[in-house]
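Asker:
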Amino acid sequence: MSYSLKENIIKEDRFAGGHRMCAGCGCPIAVRTVLRALEPEDHAVVCSATSCLEVSSFMYPYTSYQDSFIHNAFENAAATLSGVETAYRVMKKMGKIDASYKFIAFGGDGGTYDIGFQSLSGAMERGHDMVYVCYDNEAYMNTGIQRSSSTPQFADTTTTPVGKMIPGKPQQKKNLTKIMVAHGIPYVAQTTFFGNFKDITEKSQKAIYTPGPAFLNIMAPCPRGWRYPSEKLMEITKLAIETCVWPLYEVIEGKYVLNYRPKEKLPVQEYLKVQGRFSHMFHPGNEWMIEQVQQEVDLNWKELLKLCGT
Amino acid sequence: MSHLAKDMTASVTWKDITPGGVIFEGGTSKVVETGDWRTVKPVLDSSKCKQCLLCAPVCPDMSIPVDKEGKRGDFNYFFCKGCGICANVCPFGAITMVGDDQ
Numbered sequence: 001m002s003y004s005l006k007e008n009i010i011k012e013d014r015f016a017g018g019h020r021m022c023a024g025c026g027c028p029i030a031v032r033t034v035l036r037a038l039e040p041e042d043h044a045v046v047c048s049a050t051s052c053l054e055v056s057s058f059m060y061p062y063t064s065y066q067d068s069f070i071h072n073a074f075e076n077a078a079a080t081l082s083g084v085e086t087a088y089r090v091m092k093k094m095g096k097i098d099a100s101y102k103f104i105a106f107g108g109d110g111g112t113y114d115i116g117f118q119s120l121s122g123a124m125e126r127g128h129d130m131v132y133v134c135y136d137n138e139a140y141m142n143t144g145i146q147r148s149s150s151t152p153q154f155a156d157t158t159t160t161p162v163g164k165m166i167p168g169k170p171q172q173k174k175n176l177t178k179i180m181v182a183h184g185i186p187y188v189a190q191t192t193f194f195g196n197f198k199d200i201t202e203k204s205q206k207a208i209y210t211p212g213p214a215f216l217n218i219m220a221p222c223p224r225g226w227r228y229p230s231e232k233l234m235e236i237t238k239l240a241i242e243t244c245v246w247p248l249y250e251v252i253e254g255k256y257v258l259n260y261r262p263k264e265k266l267p268v269q270e271y272l273k274v275q276g277r278f279s280h281m282f283h284p285g286n287e288w289m290i291e292q293v294q295q296e297v298d299l300n301w302k303e304l305l306k307l308c309g310t
Numbered sequence: 001m002s003h004l005a006k007d008m009t010a011s012v013t014w015k016d017i018t019p020g021g022v023i024f025e026g027g028t029s030k031v032v033e034t035g036d037w038r039t040v041k042p043v044l045d046s047s048k049c050k051q052c053l054l055c056a057p058v059c060p061d062m063s064i065p066v067d068k069e070g071k072r073g074d075f076n077y078f079f080c081k082g083c084g085i086c087a088n089v090c091p092f093g094a095i096t097m098v099g100d101d102q
């Protein structure tokens with residue numbers, strides 16, 4: 001069935017307004033889009049790692065979820081949800097539940113790349129029928145922009161402050177999407193908000209309705225932490241795609257598929273210069289930082305094209 | 001004792017909240033007004049709007065209602081925080097951001 005924005009957007013939102021995420025935050029856009037990919041007749045159990053999302057969308061007695069929601073701790077969203085999924089399978093077998101349920105976990109990059117990584121890895125390896133969605137805003141935004149293993153190199157964060165000692169974060173960003181591919185699970189995809197939301201919606205549908213574990217990595221910009229005006233969200237994600245900093249691809253049963261190839265790959269400066277966290281890279285004498293980032297992006301892009309066989 | 005979110009007011013003591021802080025309904029955050037965070041607000045010029053709907057999925061606050069026929073309505077200012085993403089993606093200049101007091 002071909003994608004239609006109109007058909008997708010008339011579906012009722014399963015994520016309600018009144019949540020306390022910041023104005024212009026990428027995360028609620030990711031959450032509502034993923035949940036809209038559920039068929040209306042299906043129920044869901046949503047779980048969240050401790051994150052901006054969790055503290056802003058589930059404050060007693062206010063929940064923004066139309067579906068069941070469970071929160072446990074920072075490090076164990078995947079383990080918690082895999083337990084719920086197992087209980088569901090057993091109850092279904094015993095004839096105690098008729099309705100169809102889907103299981104979706106959300107975590108920020110801190111709760112996914114770092115703190116929740118062991119529980120995510122375990123849940124994926126055990127083969128639970130669930131989706132783990134990482135909304136990647138590239139630092140611990142909830143607690144005040146501390147670096148995570150997802151923070152890109154040279155980004156200015158409160159624990160990697162730009163100064164005489166270090167030029168922002170010294171290390172490169174961890175490639176979690178590829179690590180998830182290495183788990184050999186049926187579906188892994190990397191996406192973000194782009195155009196009419198075809199890419200993210202189709203990937204969410206595939207992730208939810210592929211039997212077995214699936215992983216979605218969604219770039220979700222943070223206006224506060226990345227330091228850009230909140231209205232520029234869609235420009236930032238577009239630049240991330242067009243510069244190949246965040247390529248759109250999916251891996252179905254181990255087979256890499258490239259979903260978008262820029263007509264003309266833009267230089268990485270275009271993406272960096274619109275964000276305050278990289279502003280020092282444009283100071284005289286710091287050209288080497290941009291060159292280094294460009295080299296890394298080029299290398300990853302070349303490798304990805306090879307994996308996709310294009 | 002009621003288990004409904006609407007009855008969990010500030011005067012309810014810890015002895016009477018639901019055990020484990022469980023909420024028994026969905027979407028209870030809908031009573032929370034986040035529109036009062038706004039300093040600027042989007043205004044729709046219906047004569048310029050071509051109903052392309054590109055503004056609807058980018059809203060972080062579910063503030064652009066789309067009816068069953070696929071037509072967008074006016075903004076839900078109860079939730080809209082005035083981020084401006086919708087005005088920025090509109091290809092037809094149908095959404096402008098103005099001071100919230102206007």
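Chains as they are written, first to last, in this note's numbering: chain D, 1 to 310; chain B, 1 to 102. Every residue gets a Cβ at the ideal spot worked out from N, C-alpha and C, and that includes glycine. Predicted, not measured: the structure shown is a model, and the values here were computed from it.
#1: Between the stretch 47-57 of chain D and the stretch 71-84 of chain D, are three or more C-beta pairs nearer than 8 Å?
#2: Roughly how many whole angstroms lie between the Cα atoms of C80(B) and K93(D)?
#3: Going along chain B, which residues have a C-beta under 7 Å from H323(D)?
#4: Could one say the Cβ of K50(B) lies closer than 9 Å to chain D's Cβ atoms, at least one of them?
#5: Check the Cβ of R141(D) against every Cβ in chain B and list those closer than 7 Å, keeping chain order.
#6: Measuring CB atoms only, is the stretch 122-141 of chain D touching the stretch 213-220 of chain D, in the sense that at least three cross pairs come out at less than 8 Å?
#7: Please identify the residue among V181(D), L239(D) and D109(D) whose C-alpha is closest to the C-alpha of Q146(D).
#8: Which chain B residues are close to D13(D), counting only those with a beta carbon under 7 Å from its beta carbon?
#9: Does the CB of I316(D) have a neighbour CB from chain B at under 9 Å?
#10: Strictly below 7 Å CB to CB, what residues from chain D border F79(B)?
#11: When you check each C-beta in the stretch 191-202 of chain D against every C-beta of chain B, which residues fall closer than 7 Å?
#12: Answer yes or no: does any C-beta atom of chain D fall closer than 9 Å to that of P57(B)?
#13: Do you know offhand how far A94(B)'s Cα is from G26(B)'s?
#14: With DSSP as the reference, identify every bridge partner of K41(B), one or two as the case may be.
#15: Could you pull out every residue in the same chain whose Cβ sits closer than 7 Å to the Cβ of L44(B), ignoring the five residues on either side in sequence?
#16: Pull up the distance between the alpha-carbon of P19(B) and that of Y60(D), whole angstroms please.
#17: Tell me, to the nearest whole angstrom, how far the beta carbon of E85(D) is from that of D13(D); I am working on the premise that it is less than 8 Å.
#18: Does the beta-carbon of W380(D) have 16 or more other beta-carbons within 10 angstroms, so that it is buried, or is it exposed?
#19: Helix, strand or coil for S64(D), going by three-state DSSP, please let me know.
#20: Quick one: which unbroken alpha helix (DSSP H) runs of 4-plus residues sit fully inside the stretch 125-183 of chain D? Chain order, please.
#21: Could you tell me which chain D residues have their CB closer than 9 Å to the CB of G21(B), listed as they occur along the chain?
#22: Short of 9 Å Cβ to Cβ, which residues in the stretch 213-234 of chain D face chain B?
#23: List the endpoints of the continuous beta strand (DSSP E) containing Q190(D).
#24: For the pair the stretch 235-243 of chain D and the stretch 157-164 of chain D, tell me if three or more CB-CB distances fall below 8 Å.
#25: Does the distance from the C-beta atom of T33(D) to that of F194(D) stay below 9 Å?
#26: Note down, in chain order, all residues in the stretch 33-53 of chain D with a beta-carbon under 7 Å from any beta-carbon belonging to chain B.
#27: Is the number of C-beta pairs between the stretch 26-36 of chain B and the stretch 45-54 of chain B that are closer than 8 Å three or more?
#28: What does I208(D) reach in chain B if we use C-beta pairs closer than 7 Å?
#29: What residues of chain D sit near T34(B), judged by a beta carbon separation below 8 Å?
#30: Considering only residues of the stretch 206-288 of chain D, which uninterrupted beta strand (DSSP E) runs meet the minimum length of 3 residues and lie entirely inside it, listed in chain order?
#31: Compare the Cα-Cα distances from T112(D) to each of E303(D), Q66(D), N137(D) and P170(D) and report the closest residue.
#32: Give the DSSP bridge partners of F106(D), in chain order.
#33: Is there a Cβ of chain B sitting closer than 9 Å to that of N286(D), yes or no?
#34: Using the Cα positions of I200(D) and A207(D), report the straight-line distance between them to the nearest angstrom.
#35: Assuming E369(D) is part of the alpha helix (DSSP H), what are its boundary residues?
#36: Please decide whether Q292(D) counts as near chain B, where near means a Cβ-Cβ distance under 9 Å.
Answerer: From the atom records:
#1: By the C-beta criterion, the stretch 47-57 of chain D is judged to be in contact with the stretch 71-84 of chain D, since at least 3 inter-stretch pairs fall below 8 Å.
#2: For the purposes of this step, residue 80(B) is identified with residue 80 of the second sequence, where counting begins at 1. For the purposes of this step, residue 93(D) is identified with residue 93 of the first sequence, where counting begins at 1. Rounded to the nearest angstrom, the two C-alpha atoms are 44 Å apart.
#3: Because chain D is modelled from 1 through 310, residue 323(D) falls outside the range shown and cannot be assessed.
#4: For the purposes of this step, residue 50(B) is identified with residue 50 of the second sequence, where counting begins at 1. Cβ-Cβ to chain D under 9 Å: no for K50(B).
#5: In the first sequence, counting from the first residue as 1, residue 141(D) sits at position 141. The residue you asked about is not Arg; residue 141(D) is Met in the sequence shown. The premise fails here: M141(D) is roughly 14 Å from chain B at the closest Cβ pair, so nothing lies under 7 Å.
#6: Counting Cβ pairs under 8 Å, three or more are found: they touch.
#7: Numbered from 1 along the first sequence, position 146 holds the residue referred to as residue 146(D). Cα-wise, what sits closest to Q146(D) is D109(D).
#8: If you number the first sequence from 1, residue 13(D) lands on position 13. Neighbours of D13(D) on chain B, chain order: M62.
#9: Missing from the structure shown is residue 316(D); chain D here goes from 1 to 310 and no further.
#10: On the second sequence, residue 79(B) is found 79 positions in, with the first residue counted as 1. Taking the beta carbon of F79(B) as reference, the chain D residues within 7 Å of it are G17 and G18, listed in sequence order.
#11: If the cut-off is 7 Å between Cβ atoms, the stretch 191-202 of chain D has F193, N196 and F197 near chain B.
#12: Reading the second sequence from its first residue, position 57 is the one you call residue 57(B). Any Cβ of chain D closer than 9 Å to the Cβ of P57(B) would place that residue at the interface, and such an atom is present.
#13: If you number the second sequence from 1, residue 94(B) lands on position 94. If you number the second sequence from 1, residue 26(B) lands on position 26. If I take the Cα positions, the gap works out to 34 Å.
#14: Within the second sequence, residue 41(B) is the residue found at index 41, counting from 1. Per DSSP, V98(B).
#15: In the second sequence, the residue the question calls residue 44(B) occupies position 44. Setting aside the 5 residues that flank it on each side, L44(B) is surrounded in the same chain by D74, F75, A94 and I95, each with a C-beta closer than 7 Å to its C-beta; the list follows chain order.
#16: In the second sequence, counting from the first residue as 1, residue 19(B) sits at position 19. In the first sequence, counting from the first residue as 1, residue 60(D) sits at position 60. Cα to Cα, P19(B) sits roughly 12 Å from Y60(D).
#17: Here residue 85(D) refers to the residue found at position 85 of the first sequence. Here residue 13(D) refers to the residue found at position 13 of the first sequence. Not a contact, Cβ separation roughly 24 Å.
#18: Nothing about residue 380(D) can be reported from this structure: the residues present for chain D run from 1 to 310 only.
#19: Along the first sequence, one-based indexing puts residue 64(D) at 64. Shown here, S64(D) sits in coil according to DSSP, grouped into three states, outside any helix or strand.
#20: Here the runs fully enclosed are 176-181.
#21: Taking the first residue of the second sequence as 1, we reach residue 21(B) at position 21. Per Cβ cutoff of 9 Å: Y60 and P61.
#22: Those would be P223, P229, S230, E231, K232, L233 and M234, in chain order.
#23: Position 190 of the first sequence holds residue 190(D). First-last of the beta strand (DSSP E) with Q190(D): Y187 to T192.
#24: They do not touch, by the three-pair rule.
#25: Mapped onto the first sequence, residue 33(D) falls at position 33. Mapped onto the first sequence, residue 194(D) falls at position 194. Cβ distance not < 9 Å, so T33(D) and F194(D) don't count as in contact.
#26: Within the stretch 33-53 of chain D, those residues whose Cβ lies closer than 7 Å to any Cβ of chain B are, in chain order, T33.
#27: Flag = no, the stretch 26-36 of chain B and the stretch 45-54 of chain B do not touch.
#28: Within the first sequence, the letter at position 208 stands for residue 208(D). Around I208(D), no beta-carbon contact reaches into chain B at under 7 Å, the shortest distance being about 17 Å.
#29: Working through the second sequence from its first residue, we reach residue 34(B) at position 34. Near T34(B) (Cβ distances below 8 Å), the residues of chain D are G17, G18, H19 and R20.
#30: The qualifying runs are 214-219, 249-252 and 255-258.
#31: Taking the first sequence and counting its residues from 1, the one referred to as residue 112(D) is at position 112. Minimum Cα-Cα distance from T112(D) among the listed residues E303(D), Q66(D), N137(D) and P170(D) corresponds to N137(D).
#32: Reading the first sequence from its first residue, position 106 is the one you call residue 106(D). Answer is S48(D) and V133(D).
#33: Along the first sequence, read from residue 1 onward, the residue named residue 286(D) stands at position 286. Taking a beta-carbon distance threshold of 9 Å, N286(D) does not count as an interface residue toward chain B.
#34: Position 200 of the first sequence holds residue 200(D). Position 207 of the first sequence holds residue 207(D). Straight-line spacing of the CA atoms in I200(D) and A207(D) works out to 10 Å.
#35: This structure does not reach residue 369(D), given that chain D is present from 1 up to 310, and the question cannot be answered.
#36: For the purposes of this step, residue 292(D) is taken as residue 292 along the first sequence, with counting starting at 1. Judged by the 9 Å Cβ criterion, Q292(D) is not in contact with chain B.
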